[in-house]
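Per my numbering, residue 75 is the first one in the sequence shown, and the count goes up by one each step. Please read the structure below before turning to the comments.
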Amino acid sequence: MIRIDFNRLKFLIVDDNAHMRRIVRQLVHGFGSREIFEAEDGAAGLEVFLAQKPDIVITDWAMPLYDGIEFTKTVRSSDSPVTRFVPIIMLSGHSEKRNVIEARDAGVTEFLTKPVAAKSLYERILSVVLAPRPFIRTKDYFGPDRRRSVNAKYAGPERRKGNANAEVIEVAPIDNRLQNQRKQADAGIAAKQPRAAGQAT
Numbered sequence: 075m076i077r078i079d080f081n082r083l084k085f086l087i088v089d090d091n092a093h094m095r096r097i098v099r100q101l102v103h104g105f106g107s108r109e110i111f112e113a114e115d116g117a118a119g120l121e122v123f124l125a126q127k128p129d130i131v132i133t134d135w136a137m138p139l140y141d142g143i144e145f146t147k148t149v150r151s152s153d154s155p156v157t158r159f160v161p162i163i164m165l166s167g168h169s170e171k172r173n174v175i176e177a178r179d180a181g182v183t184e185f186l187t188k189p190v191a192a193k194s195l196y197e198r199i200l201s202v203v204l205a206p207r208p209f210i211r212t213k214d215y216f217g218p219d220r221r222r223s224v225n226a227k228y229a230g231p232e233r234r235k236g237n238a239n240a241e242v243i244e245v246a247p248i249d250n251r252l253q254n255q256r257k258q259a260d261a262g263i264a265a266k267q268p269r270a271a272g273q274a275t
């Protein structure tokens, strides 16, 4: 199985059920992540999301006050060019097709049915980290491409009806972005280091 460096990934778990938060936290910690934040509903989740800027969000659907669908729509409608692209994995005890479609149309990246299996969660995380789908912007939708493949030049009968002007936005894999951030940070630290006498500049 392909492996990624979870130690560099920040997670936010949003669920009103403390037991479920603990289960998901243990799984993510077992994968290797050490920065894991929690919130008990979508409203609190948004506060943590904006403060901590996680790389991946794992949220429950059904929560009081502010559910996972509302949370997702708020994130996707953000003006921030960074936060609105964050992968969102939604958990639900209901796997009916209409629920999957509603989550997809809200901008959810991946959908996972409870009870959560470690292998299934790992595979979803692997997918959003290494092979993110392009984002689509239309007049009434912003989020991951709702089809599993995309060809911007395709003009056949299955092209998005009514969305001829849809904008396709390629998203760099999280792993690549983290590597670039680390290189930039290392370069900044190196630039601040005092140079020895006679050292070339």
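Idealized CB from N, CA, C, for every residue including glycine.
- Under 8 Å between C-beta atoms of A177 and I143: For this step, residue 177 is matched to residue 103 along the sequence shown. For this step, residue 143 is matched to residue 69 along the sequence shown. Yes, these two residues count as a Cβ contact at 8 Å.
- Query: What do you reckon, are the CB atoms on K245 and P206 nearer than 8 Å?
  - Reply: On the sequence shown, residue 245 is found 171 positions in, with the first residue counted as 1. On the sequence shown, residue 206 is found 132 positions in, with the first residue counted as 1. Before going further, note that residue 245 is Val rather than Lys in the sequence given. Cβ atoms of V245 and P206: closer than 8 Å.
- Task: Let me know the secondary structure DSSP gives A113 once reduced to three states.
- Result: Indexing the sequence shown from 1 puts residue 113 at position 39. A113 falls in the strand class under three-state DSSP.
- Message: What does the Cβ neighbour count give for L86, buried or exposed, with the cut at 16 atoms within 10 Å?
- Response: Stepping through the sequence shown from its first residue, residue 86 is reached at position 12. With 16 or more Cβ atoms within 10 Å of its Cβ, L86 is classed as buried.
- Query: If you compare alpha carbons, which of E121, H93, G181, P189 is closest to P218?
  - Reply: Numbered from its first residue, the sequence shown carries residue 218 at position 144. It is G181 whose Cα lies nearest to the Cα of P218.
- Task: Would you kindly report the start and end of the unbroken alpha helix (DSSP H) that includes R211?
- Result: Here residue 211 corresponds to residue number 137 of the sequence shown, with the count starting at 1. Note, R211: premise wrong, no alpha helix (DSSP H); beta strand (DSSP E) at 209 to 211.
- Task: Compute every distance between the C-beta of L124 and the non-hydrogen atoms of the ligand HEM, then say whether any falls below 7 Å.
- Result: For the ligand HEM, the structure offers nothing, since it holds no ligand at all.
- Do you know how far the Cα of F105 is from the Cα of L200? Mapped onto the sequence shown, residue 200 falls at position 126. Mapped onto the sequence shown, residue 105 falls at position 31. If I take the Cα positions, the gap works out to 11 Å.
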